[in-house]
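One structure below.
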Amino acid sequence: MEILEAYCVELGKVVDIYDAQKAYFALPENRRKRFTFRCSDDACRAEKNPLVSGVNYDKLVEDTEKFRQIHFRAPVGNPHLETCIWVQGHEQRQTGGGNADSDPHPRVARSKSTNVIDVFRPKTSDLSADGPSGRPVTNSPVDREPPDVNPSTGRGARTRDGYSSTSLLERFIDCWAQFEGDELKEHQVVIGGKTLSYRQAVLRPDWITPDENGRRIVCGGARVKFWPEDTPKRIYINFMDECEKFDESEGGRSLTIDLPLSRVHAYGGGALLMKKIEQAQAPGHYLKVYFWGKINARDQRPGYVVEIEALDNLVFKAIARQSDATAAAAPLDSRNG
Ligand SMILES: [Zn+2]
Numbered sequence: 003m004e005i006l007e008a009y010c011v012e013l014g015k016v017v018d019i020y021d022a023q024k025a026y027f028a029l030p031e032n033r034r035k036r037f038t039f040r041c042s043d044d045a046c047r048a049e050k051n052p053l054v055s056g057v058n059y060d061k062l063v064e065d066t067e068k069f070r071q072i073h074f075r076a077p078v079g080n081p082h083l084e085t086c087i088w089v090q091g092h093e094q095r096q097t098g099g100g101n102a103d104s105d106p107h108p109r110v111a112r113s114k115s116t117n118v119i120d121v122f123r124p125k126t127s128d129l130s131a132d133g134p135s136g137r138p139v140t141n142s143p144v145d146r147e148p149p150d151v152n153p154s155t156g157r158g159a160r161t162r163d164g165y166s167s168t169s170l171l172e173r174f175i176d177c178w179a180q181f182e183g184d185e186l187k188e189h190q191v192v193i194g195g196k197t198l199s200y201r202q203a204v205l206r207p208d209w210i211t212p213d214e215n216g217r218r219i220v221c222g223g224a225r226v227k228f229w230p231e232d233t234p235k236r237i238y239i240n241f242m243d244e245c246e247k248f249d250e251s252e253g254g255r256s257l258t259i260d261l262p263l264s265r266v267h268a269y270g271g272g273a274l275l276m277k278k279i280e281q282a283q284a285p286g287h288y289l290k291v292y293f294w295g296k297i298n299a300r301d302q303r304p305g306y307v308v309e310i311e312a313l314d315n316l317v318f319k320a321i322a323r324q325s326d327a328t329a330a331a332a333p334l335d336s337r338n339g
């Protein structure tokens, strides 16, 4: 039974596993302790109070480029109410509910039942990452209609994720990273109304063309610089690859993400981003960056800079090099090469 959201006892609200990870790494290290989760369905929690396990959300380092799947799990011996949204969603999916039944392609049908993401709806502001607390979960995750504005707070749209749709770039990337070679051509994702293969959806800086700018996810190895060094106010994320298919801008094609630290700290996932940078800078590790955003010419400086509308559209992965030999041969993007 797939559980996409759970009630976190310590936070006193319903979270998805990525919210849980952000909140976990936002805790001071000496007080960091794994959370206790219960079912997010109010009636189910009131009557049966089943325990839900959070898996891998407390881990920072990726051992390989097939990124670790962070998720909730329903441990045995913790029965849910028959009417619980997760039980209902599970049954719907088992009986080919949702939109899988009309699909003539068994591979696609199978991917639905294994939560392969086929819709990615990028966020448009940092705020949505911090959505209203204790939001009610009433719809089945299969039926959910994004975006969902919380009527009680009127705060920005908190888009709710379904089994195969997401507004979190990291959730899509974690799914995408499980595939390689021809599998990347077989799976498809709809982004902004356009259907792309998994292979087309994620491009390196040196592959993306000006026509694809702002319409693809970009990924690559990067180095991070804090500026000024003594009391940093900004983070510069400098990609190792340049925008080779773009014209030179002020004599350069380098690609940079320039973020004020104040923006990172104001964002719910800011502590997690900073921890990942720190981890990636440790010996034997490297940083891989994924973003959804527009590449613009830099103002009066050579090269290009990325406009990131929402920090949830920026994903860092701190990856441990497996060994010196493989690291030297293919430290980055080996899956895509
Ligand atoms: Zn339940």
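Letter by letter, the sequence shown follows residues 3 to 339 in the numbering used here. Beta carbons are placed, not taken as given, at the ideal position from N, Cα and C, and that holds for glycine.
Next item on the list: With DSSP as the reference, label Ile321 as helix, strand or coil.
Entry: In the sequence shown, counting from the first residue as 1, residue 321 sits at position 319. Here Ile321 sits in strand by DSSP.
Notebook entry, point to check: For Lys125, does the count of other Cβ atoms within 10 angstroms reach 16, so buried, or fall short, so exposed?
Noted result: What you label residue 125 is simply residue 123 of the sequence shown in a count that begins at 1. Lys125 comes out buried.
Next item on the list: Return helix, strand or coil for Phe27, following the three-state DSSP convention.
Entry: Here the question's residue 27 lines up with position 25 in the sequence shown. Note: Phe27 maps to helix in three-state DSSP.
Notebook entry, point to check: Around the Cβ of Asn315, are there at least 16 other Cβ atoms within 10 angstroms (buried) or fewer (exposed)?
Noted result: For this step, residue 315 is matched to residue 313 along the sequence shown. Result: buried.
Check: Taking 7 Å as the line, does the beta carbon of Leu83 fall inside it for any heavy atom of ligand 1?
Finding: Residue mapping note: residue 83 aligns to position 81 of the sequence shown, counting from 1. Leu83: yes, Cβ under 7 Å from ligand 1.
Notebook entry, point to check: What residues are listed by DSSP as bridge partners for Ala277?
Noted result: The residue labelled residue 277 in the question sits at position 275 within the sequence shown. Checking the sequence shown, residue 277 turns out to be Lys, not Ala. Answer by DSSP bridge pairing: none, since Lys277 is not bridged.
Next item on the list: Would you kindly check if the distance between the Cβ of Gly216 and the Cβ of Arg206 is under 8 Å?
Entry: Numbered from its first residue, the sequence shown carries residue 206 at position 204. Numbered from its first residue, the sequence shown carries residue 216 at position 214. No; because the gap between Cβ atoms is not below 8 Å, this pair is not in contact.
Margin query: Using 8 Å as the threshold, is the C-beta distance between Arg255 and Tyr306 below it?
Written below: By 1-based counting over the sequence shown, the position of residue 255 is 253. By 1-based counting over the sequence shown, the position of residue 306 is 304. With a cutoff of 8 Å on beta-carbon distance, Arg255 and Tyr306 are scored as near each other.
Next item on the list: Could you give the DSSP three-state label for Pro212: helix, strand or coil?
Entry: The residue labelled residue 212 in the question sits at position 210 within the sequence shown. In the three-state scheme derived from DSSP, where H, G and I count as helix and E and B as strand, Pro212 is classed as helix.
Checklist line | Residues near Leu263 in its chain [Cβ-Cβ closer than 7 Å; skip 5 each side] | finding: For the purposes of this step, residue 263 is taken as the residue at position 261 of the sequence shown. Closer than 7 Å at the Cβ level, and outside the excluded window around Leu263, lie Pro234, Lys235, Arg236 and Ile237.
Check: Within 10 angstroms of its Cβ, does Leu198 collect 16 or more other Cβ (buried), or is it exposed?
Finding: Locating residue 198 in the sequence shown gives position 196, where the first residue counts as 1. Classification of Leu198: buried, given that the 10 Å Cβ count is 16 or more.
Check: Going by beta carbon distance, what residues of the same chain come within less than 7 Å of Lys68, once the five residues before and after it are set aside?
Finding: Here residue 68 refers to the residue found at position 66 when the sequence shown is read from its first residue. Ala179 and Gln180.
Next item on the list: State the beta-bridge partners of Asp18 as determined by DSSP.
Entry: Here residue 18 corresponds to residue number 16 of the sequence shown, with the count starting at 1. Bridge partners of Asp18: Glu7.
Next item on the list: Would you check whether ligand 1 has a heavy atom nearer than 7 Å to the C-beta of Gln43?
Entry: Looking up residue 43 in the sequence shown gives position 41. It should be noted that the sequence gives Asp, not Gln, for residue 43. Checking the Cβ of Asp43 against ligand 1 gives yes.
Checklist line | Identified DSSP bridge partners for Trp178 | finding: Position 176 of the sequence shown holds residue 178. Trp178 has no beta-bridge partner at all, per DSSP.
Check: For ligand 1, is there a heavy atom less than 7 Å away from the beta-carbon of Pro52?
Finding: For the purposes of this step, residue 52 is taken as residue 50 along the sequence shown, with counting starting at 1. Proximity of the beta carbon of Pro52 to ligand 1 is indicated: a heavy atom of the ligand is located closer than 7 Å.
Next item on the list: Could you tell me whether the Cβ atoms of Glu4 and Asp18 are closer together than 8 Å?
Entry: For the purposes of this step, residue 4 is identified with residue 2 of the sequence shown, where counting begins at 1. For the purposes of this step, residue 18 is identified with residue 16 of the sequence shown, where counting begins at 1. At the C-beta level, Glu4 and Asp18 stay beyond 8 Å of one another.
Next item on the list: Return yes when at least one heavy atom of ligand 1 lies under 7 Å from the C-beta of Cys10, else no.
Entry: Looking up residue 10 in the sequence shown gives position 8. No, the beta carbon of Cys10 sits no closer than 7 Å to any heavy atom of ligand 1.
Margin query: Taking its Cβ as the centre, do 16 or more other Cβ atoms sit within 10 Å of Ile171, making it buried, or is it exposed?
Written below: Here residue 171 is taken as the residue at index 169 of the sequence shown, counted from 1. It should be noted that the sequence gives Leu, not Ile, for residue 171. With a threshold of 16 other beta carbon atoms within 10 Å, Leu171 meets it and is buried.
Item checked: Residues near Cys245 in its chain [Cβ-Cβ closer than 6 Å; skip 5 each side] -> As a first step, residue 245 is located in the sequence shown; it is residue number 243 there, counting from the start. Excluding residues within five positions, the ones whose Cβ falls inside 6 Å are Pro207, Arg255, Leu257 and Tyr306.
Notebook entry, point to check: Whose C-beta lies closer than 8 Å to the C-beta of Thr38 among residues of the same chain, with five residues either side of it excluded?
Noted result: Taking the sequence shown and counting its residues from 1, the one referred to as residue 38 is at position 36. So the list reads Cys10, Val11, Glu12 and Leu53, once near-sequence residues are dropped.
Check: Do Ile310 and Ile259 have their CB atoms nearer than 8 Å?
Finding: Taking the sequence shown and counting its residues from 1, the one referred to as residue 310 is at position 308. Taking the sequence shown and counting its residues from 1, the one referred to as residue 259 is at position 257. Between Ile310 and Ile259, the C-beta spacing is below 8 Å.
Item checked: Beta-carbon proximity list for Asp232, same chain, < 6 Å, skipping 5 on both sides -> Sequence index remark: in the sequence shown, residue 232 carries index 230 (1-based). Counting only residues of its own chain and dropping the five nearest sequence neighbours on each side, Asp232 has no CB closer than 6 Å to any other CB.
Notebook entry, point to check: Hey, Ala313 and Asp128 are a contact pair by Cβ (cut 8 Å); roughly how many whole angstroms apart?
Noted result: Stepping through the sequence shown from its first residue, residue 313 is reached at position 311. Stepping through the sequence shown from its first residue, residue 128 is reached at position 126. Per the sequence shown, residue 313 should be read as Leu rather than Ala. Separation of the CB atoms of Leu313 and Asp128 is rounded to 5 Å, and the pair is thereby assigned contact status at 8 Å.
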